[in-house]
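Chains P and Z, in that order, give the protein sequences. For reference, each letter of the first sequence is one residue, going 1 to 245 in the working numbering. For reference, each letter of the second sequence is one residue, going 246 to 440 in the working numbering. For every residue, glycine included, the Cβ atom is placed at its ideal position computed from N, Cα and C. In this text the structure is predicted, and so the values were computed from the model without any measurement. One structure is given below, encoded as structure tokens.
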Amino acid sequence: MAKGEHKQSFIAGIIAENPLFVSLLGMCPALAVTKSLESAIGMGILFTIVLVCSNVLVSLLRKVIPEEVRTPCFIVIIATFVTLTKMFTEAFLPELYSSLGVFLSLLVVNCIILGRSEAFASKNGVLDSFLDGIGNGIGFLMAICLIALFREVLGTGQLTFGNTFTFIADAHNGEPIKLWILKGEGYDVSFSIFSTPAGGFLVLGITLAIMAAINNMKANKKKVDARIKAQKAKEEAAKKREVAQ
Amino acid sequence: MNYLAAFLLAIVSYSLVSNVVLSRFYGICSFIGVGNKIKSAASMGIAVSFVIIMAALICYPIYNFILVPAGVPYLDTITFILVIASLVQVVGLFIKKFSPSLYKALGIYLPLITTNCAVLGVVSENTASKLDFGMSMANAIGTSIGFLVVIIIYACIRERLESSNVPKAFKGIPIALITAGIMAIAFLGLSGLIG
Chain P
1 MAKGEHKQSF IAGIIAENPL FVSLLGMCPA LAVTKSLESA IGMGILFTIV
51 LVCSNVLVSL LRKVIPEEVR TPCFIVIIAT FVTLTKMFTE AFLPELYSSL
101 GVFLSLLVVN CIILGRSEAF ASKNGVLDSF LDGIGNGIGF LMAICLIALF
151 REVLGTGQLT FGNTFTFIAD AHNGEPIKLW ILKGEGYDVS FSIFSTPAGG
201 FLVLGITLAI MAAINNMKAN KKKVDARIKA QKAKEEAAKK REVAQ
Chain Z
246 MNYLAAFLLA IVSYSLVSNV VLSRFYGICS FIGVGNKIKS AASMGIAVSF
296 VIIMAALICY PIYNFILVPA GVPYLDTITF ILVIASLVQV VGLFIKKFSP
346 SLYKALGIYL PLITTNCAVL GVVSENTASK LDFGMSMANA IGTSIGFLVV
396 IIIYACIRER LESSNVPKAF KGIPIALITA GIMAIAFLGL SGLIG
């Protein structure tokens, strides 16, 4: 395979085929863990680890697994990595483990992970599957961090670091770092509705609408440009004809 | 008598106050994907409810009488997903045998139930918060009722939305998500129901 194609399988998942914003997959974790930016970052990283590991193993075993039972096999492979990730997180980052709760186990039935095994890793080589996993993982991480950023800033008026990743607080005299954005001495313009579950739906809906609006604008601009070009060409042809006559 | 009251209260709380879709965020994919036609929403809702209750019924003894005595409680996720996958297969076979028309109506949605996070979510929640058998069943029944009610209400709204004039950028999924958000605000009002 050419070098450009390796790059392509890495880049595609980040923006052009972003799993959350373009393919609309994996909405459950995107809504459930985006109340705070920290847990979204944690979820995104764990998601990427599970996706990369399962993609590589599925790709290695793709010639061994019989066609008829491939989905149960993929689920067992994914479940194994999810269990391992769960145990490591519980041991080393217990605060992150408790803030993600059941949604760590629910990575087993995440449509993105199963979808990449089914659509990509079971048909492509190990290196490509590895890059595809990292690309899609980063795409999902960026998408949920964007939602979490909006929700935490609008909902609480500040960004807090150190509640979930306690090592940040430990390095900072045991206190979590707080960045005040929408509030300060004597004023607070945050809306607590964005911290509630309803806010998750609203923020994701509005983000998708803004993306659709940008795409529409781009498509319109292309159409208008093409029309102007056609008009100019016509005028020039008419001028040439006049000159010739 | 006290336990019965607690059981009924738990069903109400799991179905309305902490609704499965609108406040616990399980099963969003099927909620958004299927919730645009009342008929398919109702079939999906019934099938999911049935599988949730059966899965909770089977997974409780497996976890408490097999995995915990054997000293391997960390195998819960992998066991549960296998139980759910085979349960969905068995349910599919039964429906195919006894009611071919229902089987036809459910069609593609039947195998999709395996990857519906509501099923695995409820079962994992039961073991994670160490609920006893009665409360596990209350969680399963309450969740099923909540899912069924919400997906049908949502499908009714979506059917109306299709004929209304929505701004171009909001067409399709964005307005569907905002509808769900407004429903979630409405369900927020029920949180004072059980104090």
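Assign residue i to one of three DSSP states: helix, strand, or coil.
i	result
Ile439 of chain Z	coil
Leu347 of chain Z	helix
Gly184 of chain P	strand
Tyr319 of chain Z	helix
Gly215 of chain Z	Because residue 215 of chain Z is not part of the residues shown, which for chain Z are 246 to 440, the question remains open.
Ala119 of chain P	helix
Pro280 of chain P	Any property of residue 280 of chain P remains undetermined from this structure, which presents chain P solely from 1 to 245.
Tyr259 of chain Z	helix
Phe165 of chain P	coil
Ala148 of chain P	helix
Thr324 of chain Z	helix
Ile273 of chain Z	helix
Met1 of chain P	Bear in mind that a pLDDT of 48 at Met1 of chain P, under 50, signals an unreliable position, so the number given afterwards is only what the model happens to contain. Of the three classes helix, strand and coil, the one that applies to Met1 of chain P here is coil, per DSSP.
Val22 of chain P	coil
Leu433 of chain Z	helix
Pro412 of chain Z	coil
Ser190 of chain P	coil
Lys63 of chain P	coil
Thr34 of chain P	coil
Ala12 of chain P	coil
Gly139 of chain P	helix
Pro314 of chain Z	coil
Gly101 of chain P	helix
Gly337 of chain Z	helix
Val126 of chain P	helix
Gly278 of chain Z	helix
Glu17 of chain P	coil
Starting from residue i, trace the beta strand (DSSP E) both ways and give me its first and last residue.
i	result
Gln158 of chain P	158-161
Using DSSP bridges, identify the partner residues of residue i.
i	result
Leu179 of chain P	P:Leu159
What is the residue span of the alpha helix (DSSP H) that residue i lies within?
i	result
Asn216 of chain P	197-244
Ile45 of chain P	37-60
Gly174 of chain P	First-last for Gly174 of chain P: undefined, no H or E at that position.
Phe74 of chain P	70-92
Val368 of chain Z	362-373
Arg405 of chain Z	378-407
Lys284 of chain Z	283-306
Leu357 of chain Z	354-357
Going by C-alpha distance, which of the options is nearest residue i?
i	options	result
Leu114 of chain P	P:Gly101, P:Glu95, P:Pro19, P:Val243	P:Pro19
Ile49 of chain P	P:Gly133, P:Pro197, P:Ala148, P:Ala230	P:Gly133
Val328 of chain Z	Z:Pro345, Z:Val364, Z:Ala315, Z:Gly316	Z:Val364
Ile390 of chain Z	Z:Ile430, Z:Leu376, Z:Met299, Z:Ser294	Z:Ser294
Leu393 of chain Z	Z:Val411, Z:Val317, Z:Ala287, Z:Ile326	Z:Ala287
Gly437 of chain Z	Z:Val257, Z:Ile427, Z:Ile307	Z:Val257
Gly199 of chain P	P:Met87, P:Gly137, P:Gly125, P:Val153	P:Val153
Cys362 of chain Z	P:Val52, P:Ala32, P:Asn220	P:Ala32
Tyr187 of chain P	P:Lys232, P:Leu141, P:Gly157	P:Gly157
Phe432 of chain Z	Z:Phe252, Z:Met382, Z:Arg269, Z:Ile311	Z:Arg269
Tyr305 of chain Z	Z:Pro345, Z:Gly337, Z:Asp377, Z:Ser275	Z:Asp377
Met428 of chain Z	P:Pro176, P:Ile177, P:Leu202	P:Leu202
Phe167 of chain P	P:Val52, P:Leu93, P:Ser23	P:Leu93
Ser192 of chain P	P:Gly26, P:Ile15, P:Ser36	P:Ser36
Gly44 of chain P	P:Gly137, P:Cys111, P:Ser105	P:Gly137
Leu302 of chain Z	Z:Val411, Z:Ser381, Z:Ala400, Z:Thr359	Z:Ser381
Lys7 of chain P	P:Glu118, P:Phe130, P:Val224, P:Ala209	P:Phe130
Phe88 of chain P	P:Val22, P:Ser105, P:Leu149, P:Ile210	P:Ser105
Lys416 of chain Z	P:Ala79, P:Gly174, P:Glu118, P:Met211	P:Met211
Ser98 of chain P	P:Lys86, P:Leu107, P:Val109, P:Val108	P:Lys86
Flag residue i as yes if its beta-carbon sits less than 7 Å from any beta-carbon of chain B, otherwise no.
i	result
Gly205 of chain P	Note that chain B does not occur in the displayed structure, where the protein chains are P and Z.
> Listed from N- to C-terminal order along the chain, which residues in the region 415-429 of chain Z have their beta-carbon within a distance smaller than 9 Å of any beta-carbon of chain P?
Replying inline: Those would be Phe415, Lys416, Gly417, Ile418, Pro419, Ile420, Ala421, Leu422, Ile423, Thr424, Ala425, Gly426, Ile427, Met428, Ala429, in chain order.
>> Using a Cβ-Cβ cutoff of 8 Å, what residues of the region 214-226 of chain P are near chain Z? List them in chain order.
In response: Interface annotation for the region 214-226 of chain P against chain Z: Asn216, criterion Cβ-Cβ distance under 8 Å.
>> Taking beta-carbon pairs under 7 Å, can you tell me which members of the region 7-30 of chain P lie near chain Z?
In response: Taking 7 Å as the Cβ-Cβ cut-off, the region 7-30 of chain P approaches chain Z at Leu24, Met27, Cys28, given in chain order.
> Any residues in the region 111-126 of chain P with a beta carbon nearer than 7 Å to a beta carbon of chain Z? Which ones, in chain order?
Replying inline: For the region 111-126 of chain P, which is checked against every Cβ of chain Z, the residues closer than 7 Å are Cys111, Leu114.
> Quick one, which residues of the region 339-361 of chain Z are near chain P if we go by CB-CB under 9 Å, in chain order?
Replying inline: Residues of the region 339-361 of chain Z with a C-beta less than 9 Å from any C-beta of chain P: Pro356, Thr359, Thr360, Asn361, listed in chain order.
>> Along the region 299-310 of chain Z, where does the CB come closer than 9 Å to a CB of chain P? Name the residues.
In response: When CB distances to chain P are screened at a threshold of 9 Å, not a single residue of the region 299-310 of chain Z falls below it.
> the region 169-203 of chain P: which residues have C-beta closer than 9 Å to a C-beta of chain Z, in chain order?
Replying inline: Only those residues of the region 169-203 of chain P whose C-beta falls short of 9 Å from the nearest C-beta of chain Z are listed: Ile193, Thr196, Pro197, Ala198, Gly199, Gly200, Phe201, Leu202, Val203.
>> Against chain P, which members of the region 263-274 of chain Z pass a CB distance test of less than 7 Å?
In response: Listed by position, the residues of the region 263-274 of chain Z near chain P (Cβ gap below 7 Å) are Leu267, Ser268, Phe270, Tyr271, Ile273, Cys274.
>> Please list, in chain order, the residues of the region 60-78 of chain P that have any C-beta partner in chain Z closer than 8 Å.
In response: Listed in chain order, the positions of the region 60-78 of chain P with a beta carbon within less than 8 Å of a beta carbon of chain Z are Pro72, Ile75, Val76.
> Any residues in the region 366-381 of chain Z with a beta carbon nearer than 7 Å to a beta carbon of chain P? Which ones, in chain order?
Replying inline: Residues passing the 7 Å Cβ filter: Gly366, Ser369, Glu370, Ala373.
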